[in-house]
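Before any comments, here is the structure.
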Amino acid sequence: MATPDLLFNLRNLFYLGAYQAAINNSDVQGLDADAAAERDTIVFRSYIALGSYQLVISEIDSSAATSLQAVKLLALYLTGDKEGAISSLKEWLSDSAIGSNPVLRLIAGIIFMHEQDYNEALKHTHTGGTLDLHALNVQIFIKMHRSDYAEKQLKIMQQIDEDHTLTQLANAWLDIAVGGSKIREAYLIFQDFAEKYPMTGMVLNGKAVCCMHMGSFEEAETLLLEALNKDAKDPETLANLIVCNLHLGKPSSRYLSQLKLSHPDHVLVKTAASSEANFERALQAVA
């Protein structure tokens, strides 16, 4: 008889973006050493998602398991120590004893995806082995505009566990990337999450993006304002509100200002800055 998956609920909370809830519900009893290490990995990744990088760095010491050391590297990278984190990452990946650790490979994929070095990311993630790695591959291939490869990864995930939250999420991401009639299918996936689990900013943003693709900007705005109430600094909520308000003919400068203050490296902030600089140059050229 199969043993119960004691971490099922904790994983679900993390995957759906309920990070504080994952932390609050992490006191799971009866875990063996491997499951306890996975639990700690989820908890520290939740702290990272909430921006508590220093807490992660200070609490994970050099005696911790490889998976936790990898998570600490991600926290170091996100604090701005990019060179040091990548140097350590490459050193560990080349170590035959720990280089194949799935969490280490996952963190490598996340960091190199941040660096927009997708080929380097895939070097460490392409062999898969876990649903987390396959899901990251889907994201990477979507970033590379290779929905055909993303679909192959999704099919592997569906063969492993079609109903898994990560499989459903990957399906929704791919549907949005493909567009057209697939948008409705993505919307239904997020709607299903909304009915089954506590509503999170991630699910609200997913539904809102689908609504915008379908031209329902008023509904999208309602969803995004609800997401903003949950987290006023969430970069994706602010970015989506900017786009939504532009389509609705409403002012979006306040949301752009918030995004600039809280996430100055966001792609929308950089694009806006580049556009402003180009506009200034054009003005000076005709002055």
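When we follow the working numbering, the leftmost residue of the sequence shown carries the number 2, and every step to the right adds one.
Glycine is no exception: its CB is placed at the ideal position from the N, C-alpha and C atoms.
Keep in mind that this is a model prediction, so the values were computed, not measured.
In the three-state DSSP reduction, T272 falls in the helix class (H, G or I). Rounded to the nearest angstrom, the gap between the Cα atoms of K156 and E196 is 25 angstroms.
DSSP, read as helix, strand or coil, puts G207 in helix. At a cut-off of 4 residues, the continuous stretches assigned as alpha helix (DSSP H) that sit fully inside the segment 125-196 are 132-144, 148-162 and 166-179.
Counting C-beta pairs with one atom in each stretch, the segment 132-152 and the segment 163-174 have three or more that are closer than 8 angstroms, which means they touch. Put simply, the backbone Cα of M200 is about 35 angstroms away from that of E121.
Taking 7 angstroms as the cut-off, the beta carbon of I143 is found no closer than this to the beta carbon of L123. For I99, no alpha helix (DSSP H) segment is defined, and its DSSP state is neither H nor E. For N26, no alpha helix (DSSP H) segment is defined, and its DSSP state is neither H nor E. Taking 7 angstroms as the cut-off, the beta carbon of T126 is found closer than this to the beta carbon of R106.
Annotation for A38: A66, S68 and L69 place their beta carbon closer than 8 angstroms to its own, counting only its chain and skipping 5 residues before and after. DSSP, reduced to helix, strand and coil, places I108 within a helical segment of the structure shown. In this structure S47 touches A23 by the C-beta definition: roughly 5 angstroms separates them, less than 8 angstroms. Taking 7 angstroms as the cut-off, the beta carbon of I43 is found no closer than this to the beta carbon of F9.
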